[in-house]
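Participant:
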Amino acid sequence: MLGHPMAILIKISFLSGRYHATVWGRHVNERVAEWPPSPWRFLRALVATWRRKCPELGESEVRRVLEQLVQPPRFHLPPARVAHVRYYLPWEKKGPQDRTLVFDTFVVVAPDQAVSMYWPEARLEQSDHAILERLLANLTTLGRAESWVQAALAPDADSLDCNCYPAQQAGANQELVAVFCPDPDTAFASTHYPLPQARKGRRKTVDPKDYLFDCPRWHLCLDTQIFQQQRWPNMPGARWQWYVRPAEALAAPARELAMIPAIQRTPDRPATVARFLLDAAVLPSVTDVVRVAESCRRALMSQFAHWCRRHPERAHHYRRPGQEDAYSSPTFSGKDHTGTALKNHLHAYYLPTAEGTDPRRITHITVFARAGFSAEEVAALSGLRVLAVPGWSKNTCAVNRSAWAKRKILRWR
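This is the structure in structure tokens:
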């Protein structure tokens with residue numbers, strides 16, 4: 129670690145491949161996803177991490193670090209796109225069985241593609257650098273609870289390509305977007321922070337406001353409940369800042385984002401089992417088990433070859449001799465690059481099974497490889513979406529990833 133002050137570059141990876149957050153002031157059912165992640169949300173997440181996981185850090189220490197982050201940062205945004213899921217959640221407005229439709233909109237981003245936040249004018253001393261590293265190491269979510277993150281300080285920003293930054297006018301292939309940021313002048317003020325109310329008698333219920341004063345009296349720590357109760361037109365300590373971002377910032381092809389598995393394995397213990405769930409109006413019969421297994425094998429071999437052609441720099445050792453654009457996976461095909469069959473049962477096993485309420489219909493396919501799948505093979509497994517079964521009248525069914533395992537099955541999320 130350097131002994132002199134340094135600029136701040138933070139990289140945030142979304143481990144589940146999703147960033148769940150709604151733009152400030154918008155209803156969740158408006159389906160307006162926040163992108164880039166707002167600095168206001170990020171600083172509040174650091175405060176929550178400090179109070180919950182690092183309470184031994186002093187207020188003056190943390191404030192000294194956060195004061196370096198209140199200026200609008202510059203971003204590098206990786207390819208992403210917007211998606212959503214719909215839930216019917218209990219509402220109980222008309223009774224216990226009442227449900228309401230909720231749209232959960234999120235940004236899809238590959239888990240190995242980090243969002244970079246850069247403060248070129250900020251300076252951290254060595255001791256403050258260690259405090260920020262500790263807060264980032266304990267930061268596990270950003271946005272809603274489904275947005276699992278891994279954040280860390282990056283050492284070098286010389287090669288960083290900032291494609292999202294404060295500006296008042298968009299250029300070619302850019303668009304303006306309003307980003308919710310802390311106000312450097314008022315973020316740590318307390319003029320709008322409510323005073324604790326004196327207790328009058330014994331309460332039978334817990335008042336949420338009783339817990340607000342565990343945080344410093346900063347506008348940055350104001351609870352949204354107080355903001356709504358007071359009906360303030362603007363959030364104290366915050367402001368809107370115009371940013372420009374690429375016009376195609378949320379238009380990445382879904383297939384490119386799906387090629388990266390959401391669960392990473394270490395090289396010494398690779399994944400050995402992939403589980404797929406079939407989805408179709410009419411599922412294939414168990415009498416077609418051989419056709420289904422062979423169709424899965426061919427689909428994975430084709431998916432693997434397509435992936436290799438898109439990433440030739442990572443697939444050179446899978447190229448067939450004398451064929452520039454032909455690739456094969458020994459695990460999926462059961463043959464080496466010369467076409468010789470593998471020995472010692474190192475090939476993949478394709479096992480269709482009927483695990484639903486109707487024992488006559490195939491519902492799952494398990495792919496097992498004793499030696500495990502390489503990262504390139506896992507990418508092909510992750511990209512499999514549709515399975516065509518020759519000779520079956522309803523010959524196309526969607527394939528959903530169901531589970532992964534090393535020695536036991538793990539849930540895929």
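For any residue, its number in the numbering used here is found by taking its place in the sequence shown, counting from 1, and adding 128.
Every residue, glycine too, gets a C-beta built ideally from N, C-alpha and C.
1) Just checking, does the segment 360-368 make contact with the segment 278-294 on the three C-beta pairs under 8 Å criterion?
2) Under three-state DSSP, which class holds residue 252?
3) Using 10 angstroms around the beta-carbon of residue 155, count the other beta-carbons present and answer buried if the total reaches 16, otherwise exposed.
4) May I have the straight-line CA-CA distance separating residue 378 from residue 209, to the nearest angstrom?
5) Assign residue 320 to one of three DSSP states: helix, strand, or coil.
6) Mind checking whether residue 372 and residue 303 have CB atoms under 8 Å apart?
7) What separation, rounded to the nearest whole angstrom, lies between the Cα atoms of residue 267 and residue 363?
8) Mind checking residue 310: buried by the 16 CB within 10 Å criterion, or exposed?
9) Rounded C-beta distance between residue 147 and residue 275? I'm assuming under 8 Å.
10) What's the C-alpha gap between residue 460 and residue 380?
11) Pull up the distance between the alpha-carbon of residue 257 and that of residue 161, whole angstroms please.
12) Can you give, in chain order, each stretch of the beta strand (DSSP E) that sits fully within the segment 161-246 and has at least 3 residues?
13) With distances taken from CA atoms, which of 279, 346, 504, 231 is nearest residue 212?
14) For residue 306, report the span of its beta strand (DSSP E) as first-last.
15) Just to confirm, are residue 498 and residue 479 a CB contact at a threshold of 8 Å?
16) Does DSSP classify residue 510 as helix, strand or coil?
17) To which residues of the same chain is residue 389 closer than 6 Å at the C-beta, ignoring the five residues directly before and after it?
18) Determine, using beta-carbon pairs with one atom in the segment 219-239 and one in the segment 184-199, whether at least three such pairs fall under 8 Å.
19) Sort 429, 165, 352 by Cα distance to residue 454 and report the nearest one.
20) When the Cα of residue 136 is compared with those of 200, 163, 445, 297, which residue comes out closest?
21) Give the straight-line distance between the Cα atoms of residue 221 and residue 157, rounded to the nearest whole angstrom.
22) So, at 6 Å on beta carbons, what are the nonlocal neighbours of residue 207 in its own chain, with the 5 sequence-adjacent residues on each side left out?
23) Pick helix, strand or coil for residue 460, following the three-state DSSP scheme.
24) If we ignore side chains and look at the alpha-carbon of each, how far apart do residue 301 and residue 445 end up?
25) State the beta-bridge partners of residue 447 as determined by DSSP.
26) What did DSSP end up calling residue 276 once you bin it into helix, strand or coil?
27) Could you check how far apart the C-beta atoms of residue 406 and residue 481 are, in whole angstroms? I think they sit under 8 Å.
28) Could you give the C-beta distance for residue 308 and residue 166, rounded to a whole number, given that I count them as a contact under 8 Å?
Facilitator: For this structure:
1) no
2) Counted from its first residue, the sequence shown places residue 252 at position 124. Three-state DSSP puts residue 252 in a strand.
3) As a working note, residue 155 is residue 27 in the sequence shown. Result: exposed.
4) Position 250 of the sequence shown holds residue 378. Position 81 of the sequence shown holds residue 209. Spanning the two alpha carbons is a distance of roughly 4 Å.
5) For the purposes of this step, residue 320 is taken as the residue at position 192 of the sequence shown. Three-state result, residue 320: coil.
6) Along the sequence shown, read from residue 1 onward, the residue named residue 372 stands at position 244. Along the sequence shown, read from residue 1 onward, the residue named residue 303 stands at position 175. Yes, the pair counts as a contact, with Cβ atoms nearer than the cut-off.
7) Sequence index remark: in the sequence shown, residue 267 carries index 139 (1-based). Sequence index remark: in the sequence shown, residue 363 carries index 235 (1-based). So the two alpha carbons sit approximately 24 Å from each other.
8) The residue given as residue 310 occupies position 182 in the sequence shown. Buried.
9) The residue given as residue 147 occupies position 19 in the sequence shown. The residue given as residue 275 occupies position 147 in the sequence shown. Indeed they touch by this definition, with Cβ atoms about 5 Å apart.
10) On the sequence shown, position 332 is the one that residue 460 refers to. On the sequence shown, position 252 is the one that residue 380 refers to. One C-alpha to the other measures close to 29 Å.
11) As a working mapping, residue 257 is identified with position 129 in the sequence shown. As a working mapping, residue 161 is identified with position 33 in the sequence shown. Each residue's alpha carbon lies about 31 Å from the other.
12) Runs of the beta strand (DSSP E) lying entirely within the segment 161-246 and spanning at least 3 residues, in chain order: 202-204, 208-218, 227-237.
13) For the purposes of this step, residue 212 is taken as residue 84 along the sequence shown, with counting starting at 1. Residue 212 has its Cα closest to that of 231, out of 279, 346, 504, 231.
14) As a first step, residue 306 must be located in the sequence shown, where it is residue number 178. Residues 302-310.
15) Locating residue 498 in the sequence shown gives position 370, where the first residue counts as 1. Locating residue 479 in the sequence shown gives position 351, where the first residue counts as 1. It is not a contact, given that the beta carbons lie outside the stated cut-off.
16) For the purposes of this step, residue 510 is taken as the residue at position 382 of the sequence shown. It is helical.
17) Here residue 389 refers to the residue found at position 261 when the sequence shown is read from its first residue. Interpretation of residue 389 is limited by its pLDDT of 49, a score under 50 that renders its predicted location unreliable; the figure taken from the coordinates is listed afterwards. So the qualifying residues of the chain are 506, 510.
18) Judged by Cβ distances under 8 Å, the segment 219-239 makes no contact with the segment 184-199, as fewer than three pairs qualify.
19) On the sequence shown, residue 454 is found 326 positions in, with the first residue counted as 1. Out of 429, 165, 352, 429 has the C-alpha closest to the C-alpha of residue 454.
20) By 1-based counting over the sequence shown, the position of residue 136 is 8. The option with the nearest alpha carbon to residue 136 is 200.
21) By one-based count along the sequence shown, residue 221 stands at place 93. By one-based count along the sequence shown, residue 157 stands at place 29. The alpha-carbon atoms of residue 221 and residue 157 are separated by roughly 18 Å.
22) Residue numbering aside, residue 207 sits at position 79 when the sequence shown is read from its first letter. Within the same chain, residue 207 has close Cβ partners 380.
23) On the sequence shown, residue 460 is found 332 positions in, with the first residue counted as 1. DSSP places residue 460 in helix when its eight states are reduced to three.
24) Position 173 of the sequence shown holds residue 301. Position 317 of the sequence shown holds residue 445. Taking the straight line joining both Cα atoms gives about 38 Å.
25) Locating residue 447 in the sequence shown gives position 319, counting from the first residue. Partner(s): 455.
26) For the purposes of this step, residue 276 is identified with residue 148 of the sequence shown, where counting begins at 1. Residue 276 falls in the strand class under three-state DSSP.
27) Taking the first residue of the sequence shown as 1, we reach residue 406 at position 278. Taking the first residue of the sequence shown as 1, we reach residue 481 at position 353. Wrong, their Cβ atoms sit about 10 Å apart, outside the cutoff.
28) By 1-based counting over the sequence shown, the position of residue 308 is 180. By 1-based counting over the sequence shown, the position of residue 166 is 38. Confirmed, about 4 Å.
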